[in-house]
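Residue numbers (the working numbering), protein chains in the order written: chain U, 103 to 328; chain F, 674 to 1210.
We put the beta carbon where it would ideally sit given N, CA and C, even for glycine.
What you are looking at is a predicted structure, and each value in this text was computed from that prediction instead of being measured.
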């Protein structure tokens, strides 16, 4: 007879799938937050802020599910790493959700300050980079693809570069005079949020590697191939 | 004075003989029982082969009661039908008559040689195979030496007129001789033992020729009485049927042949000049005739026994939910097996787990007997459940049904182990009270607490199994680490008490630790059951 799939293995698979659907939700919120910012859409921004509870709930559920599995049967070390990583990855995703809210809040703050003094090209590019990273990192986690996870390391460098550039540019605007300060300071915060989201995605990639081979903070401790 | 010496010598020789039989049979069982069991299983397809196997195995084990124990085990596990079992039992009578031929040899010097080599092997060689061989040799040696001791003790006694008078009178009343043989054999629990006595006395000319046949017939019947008594206490109808059928065979044997003891005696006397050989021949003749006479009717006899001891009104071991006709509908069959497993769990809970604690305080033989009966019933139930479920064709099962049938199989197995462990705990309890020991007061309290935790967890697991309550099951799984921690606490405080020189603790240390260990293992099985409920299989 065919060995039936154990409830435990089934649950481990399910928990991976739940990470995927949570990440899809987080990505959707993030895109909408960026859209609300670029299009100065206050209504959309409100929606995102109200919707954050849903992500918090997913994070909590995943955490409880992982803890439950640990208590039902002593996990093997790889399973335990997976479960610990799942708890942390869902936490990283939840943080990304929070940043999406922060971006939506910035939309609201910027709304009554009139149209932007220049099109948000770099911020939007940063958003695209971050979104691509988010997808890749979750794909790497689901496929246990360590090569792909390693790509987050260099992808994040790109995000950081754009951030440095934006930072300098926005500071320069502010130095030109008080007219730009309100908008530029809020946009600077948004850039900062995006940069932080990039860091959280790097954490997801590191946790993916940890779950697979037990290596901690691989990006910090060694360079690629080193 | 010499009469007393004679009796003492006779009794001592008989003791040696019986002990030799026991040693020999144990040694043979250790060395060969496994293979003989296989033989019984494979070769009992038709009844003639059954007789041959019965004879061979009995000769091999030197014990017809060992053979019937094996056979009864097989029938109660449904690995053999009752009629097959009956043919093996008929064969075992033939086998034991071959043993009688063996003891009819006069082998005094060989006996002492066997004892010497047997003792050397048994005492000084480590490998268990050779030790068993040594035990067999030693046993055989003691059998023959016992015969020799009896013979030399009896020799002077024959001159006493009173003894001669009794024996002559006995010869006149064959029925009385028959009954005497039945009683003595039953008391000795060995037909070979009685026949050894008979051969010894006959060699000294102390048995009149016409008493031989009634004595041998009586020995035949008497040998089955132990079996009847022992199978009354065993759960399961099949063993009672087999034991009683064996008894009835011999009764019929007696009733048919006793009236013709005179012509038969003439025939037996003509069969050999040596009286011991005559006795052995008589035994063989009766066994063979009985086997040939009953063999064509084993099926009918089996049916008759089933009517005599019907299936209903069973004790704890009765698997009342496992209905054969439901096997056609696997869904229902698995439900029934589930119900049966849960009931088995409650039997363990109510009959053992819940009644254990008093046993640590005061000795209660009767309670212990009940536990051991319950444990056997649980074993039998587990076997029946596993057999029932594995009869189903799992290949066509839906995943859900497969899951449920595995839950049942695993739980039945775990419950059986829990039964074993509880019996072990009861044994420890008995040991403590019967040896007038006691756990230290603190130790006792700690064990009671652990016991109650374990017991409570078990009860909850049972409820979760009964109701497929996964939430409850996962709560039980979360209790397990607590029990593990507590167990470590108990070990620690136990060793602490040992160090402080608590006398009771020192005296009961290994029992104490064994008890803790058994309780923890019970909880491990409880965890398995709960994991099965949540689907971790």
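task: Consult DSSP for residue 779 (chain F) and reduce its assignment to one of helix, strand or coil.
output: Sequence index remark: in the second chain, residue 779 (chain F) carries index 106 (1-based). Coil at residue 779 (chain F), not helix or strand.
message: I'd like to know if residue 1204 (chain F) contacts chain U, where contact means its C-beta is closer than 8 Å to some C-beta of that chain.
response: The residue given as residue 1204 (chain F) occupies position 531 in the second chain. Yes, contact with chain U.
query: DSSP on residue 806 (chain F), reduced to helix/strand/coil?
result: Numbered from its first residue, the second chain carries residue 806 (chain F) at position 133. Helix at residue 806 (chain F).
message: Counting only C-beta atoms, is residue 328 (chain U) closer than 8 Å to chain F at any point?
response: Along the first chain, one-based indexing puts residue 328 (chain U) at 226. At residue 328 (chain U), the pLDDT of 38 sits below 50, so the modelled position is not reliable; the number obtained from the coordinates is stated separately. Closer than 8 Å: no.
message: Only counting the same chain, and skipping five residues up and downstream in sequence, which positions put a Cβ closer than 7 Å to that of residue 1204 (chain F)?
response: In the second chain, counting from the first residue as 1, residue 1204 (chain F) sits at position 531. Counting only Cβ-Cβ distances below 7 Å, and skipping sequence neighbours, we find 1150.
- request: Pair every Cβ in the segment 676-684 of chain F with every Cβ in the segment 794-807 of chain F, then say whether three or more of these pairs are closer than 8 Å.
  value: no
- prompt: By how many angstroms is the C-alpha of residue 884 (chain F) removed from the C-alpha of residue 757 (chain F)?
  reply: Numbered from 1 along the second chain, position 84 holds the residue referred to as residue 757 (chain F). Numbered from 1 along the second chain, position 211 holds the residue referred to as residue 884 (chain F). Their backbone Cα atoms lie some 35 Å apart in a straight line.
task: Thinking residue 189 (chain U) and residue 208 (chain U) are a contact (beta carbons under 8 Å), I'd like their distance in whole angstroms, please.
output: Reading the first chain from its first residue, position 87 is the one you call residue 189 (chain U). Reading the first chain from its first residue, position 106 is the one you call residue 208 (chain U). The Cβ separation is near 30 Å, so there is no contact.
- prompt: chain F partners of residue 335 (chain U), CB-CB under 7 Å?
  reply: For chain U, the structure presents residues 103 to 328; residue 335 (chain U) sits outside this window and is missing.
From F:849, F:1200, F:917 and F:740, residue whose alpha carbon lies closest to that of residue 979 (chain F): The sequence position of residue 979 (chain F) within the second chain is 306, counting from 1. Among F:849, F:1200, F:917 and F:740, the Cα nearest to that of residue 979 (chain F) is on F:917.
task: Please say whether residue 740 (chain F) and residue 975 (chain F) have beta carbons closer to each other than 8 Å?
output: If you number the second chain from 1, residue 975 (chain F) lands on position 302. If you number the second chain from 1, residue 740 (chain F) lands on position 67. No; because the gap between Cβ atoms is not below 8 Å, this pair is not in contact.
Spatial distance of residue 1091 (chain F) from residue 890 (chain F) (CA atoms): Here residue 1091 (chain F) refers to the residue found at position 418 of the second chain. Here residue 890 (chain F) refers to the residue found at position 217 of the second chain. In a straight line, the C-alpha of residue 1091 (chain F) is about 46 Å away from that of residue 890 (chain F).
message: Can you find the residues in the same chain that come closer than 6 Å, C-beta to C-beta, to residue 218 (chain U), ignoring five residues on each side of it along the sequence?
response: As a working mapping, residue 218 (chain U) is identified with position 116 in the first chain. Nothing meets the Cβ criterion.
- request: Please go through the segment 245-286 of chain U and give each complete alpha helix (DSSP H) segment of 4 or more residues, from N-terminal end onward.
  value: 248-278
- prompt: By the criterion of Cβ-Cβ separation under 9 Å, what are the contact partners of residue 1147 (chain F) in chain U?
  reply: As a working note, residue 1147 (chain F) is residue 474 in the second chain. Here the neighbours are 170, 173 and 174.
query: Within the 8 Å Cβ cut-off, does residue 1005 (chain F) reach chain U?
result: Position 332 of the second chain, counted from the start, is the residue given in the question as residue 1005 (chain F). Chain U, which has no Cβ nearer than 8 Å to the Cβ of residue 1005 (chain F), makes this no.
task: Along the alpha helix (DSSP H) that carries residue 1028 (chain F), what are the first and last residues, could you check?
output: Position 355 of the second chain, counted from the start, is the residue given in the question as residue 1028 (chain F). Unbroken run through residue 1028 (chain F): none, as it is neither H nor E.
query: What does residue 1150 (chain F) reach in chain U if we use C-beta pairs closer than 8 Å?
result: For this step, residue 1150 (chain F) is matched to residue 477 along the second chain. By Cβ distance, chain U contributes 173, 174 and 175.
- request: Provide the residue span of the alpha helix (DSSP H) that contains residue 144 (chain U), from first to last.
  value: Your numbering for residue 144 (chain U) matches position 42 in the first chain. First-last of the alpha helix (DSSP H) with residue 144 (chain U): 144-174.
- prompt: Where does residue 690 (chain F) fall in DSSP's three states?
  reply: Residue 690 (chain F) sits at position 17 when you count from the first residue of the second chain. Looking at residue 690 (chain F) - three-state DSSP - the assignment turns out to be helix.
- request: Could you check what DSSP says for residue 1143 (chain F) in three-state terms: helix, strand or coil?
  value: Sequence index remark: in the second chain, residue 1143 (chain F) carries index 470 (1-based). Looking at residue 1143 (chain F) - three-state DSSP - the assignment turns out to be helix.
query: Where does residue 1109 (chain F) sit, in a helix, a strand or coil, going by DSSP?
result: Reading the second chain from its first residue, position 436 is the one you call residue 1109 (chain F). Three-state result, residue 1109 (chain F): coil.
Run of the alpha helix (DSSP H) containing residue 862 (chain F), from where it starts to where it stops: Within the second chain, the letter at position 189 stands for residue 862 (chain F). Element bounds for residue 862 (chain F): n/a, residue is neither H nor E.
- prompt: When you compare only the Cα positions, how much space is there between residue 1158 (chain F) and residue 1123 (chain F)?
  reply: For the purposes of this step, residue 1158 (chain F) is taken as the residue at position 485 of the second chain. For the purposes of this step, residue 1123 (chain F) is taken as the residue at position 450 of the second chain. About 11 Å.
- request: Measuring only between beta-carbons, confirm whether residue 1000 (chain F) sits less than 8 Å from chain U.
  value: Here residue 1000 (chain F) is taken as the residue at index 327 of the second chain, counted from 1. No, because no Cβ of chain U sits closer than 8 Å to the Cβ of residue 1000 (chain F).
task: Could you give the DSSP three-state label for residue 1081 (chain F): helix, strand or coil?
output: The residue given as residue 1081 (chain F) occupies position 408 in the second chain. In this structure, residue 1081 (chain F) counts as helix in the three-state DSSP scheme.
- request: Compare the beta carbon distance of residue 1185 (chain F) and residue 1112 (chain F) with 8 Å and say whether it is the shorter of the two.
  value: Locating residue 1185 (chain F) in the second chain gives position 512, where the first residue counts as 1. Locating residue 1112 (chain F) in the second chain gives position 439, where the first residue counts as 1. Going by C-beta atoms, residue 1185 (chain F) is nearer than 8 Å to residue 1112 (chain F).
task: Give a yes or no on whether the C-beta atoms belonging to residue 968 (chain F) and residue 760 (chain F) are separated by under 8 Å.
output: Locating residue 968 (chain F) in the second chain gives position 295, counting from the first residue. Locating residue 760 (chain F) in the second chain gives position 87, counting from the first residue. Closer than 8 Å, so yes.
- prompt: For residue 785 (chain F), which residues of its own chain have a beta-carbon under 8 Å away from its beta-carbon, when the five flanking residues on both sides are left out?
  reply: For this step, residue 785 (chain F) is matched to residue 112 along the second chain. Only 814 and 818 meet the Cβ criterion.
query: At which residues does the alpha helix (DSSP H) containing residue 1015 (chain F) begin and terminate?
result: As a position in the second chain, residue 1015 (chain F) is number 342, starting the count at 1. Residues 1003-1020.
- prompt: Is the segment 1086-1104 of chain F in contact with the segment 1014-1025 of chain F, if contact means three or more CB pairs nearer than 8 Å?
  reply: yes
As assigned by DSSP and simplified to three states, the class of residue 103 (chain U): On the first chain, residue 103 (chain U) is found 1 positions in, with the first residue counted as 1. Residue placement at residue 103 (chain U) is flagged as unreliable, the pLDDT there being 45, under the threshold of 50; the coordinate-derived value follows with that caveat. Three-state DSSP puts residue 103 (chain U) in coil, outside helix and strand.
- request: Find the nearest neighbour of residue 914 (chain F) within the set F:956, F:945, F:982 and F:1106, judged by alpha-carbon distance.
  value: For the purposes of this step, residue 914 (chain F) is taken as the residue at position 241 of the second chain. Closest option to residue 914 (chain F), Cα to Cα, is F:982.
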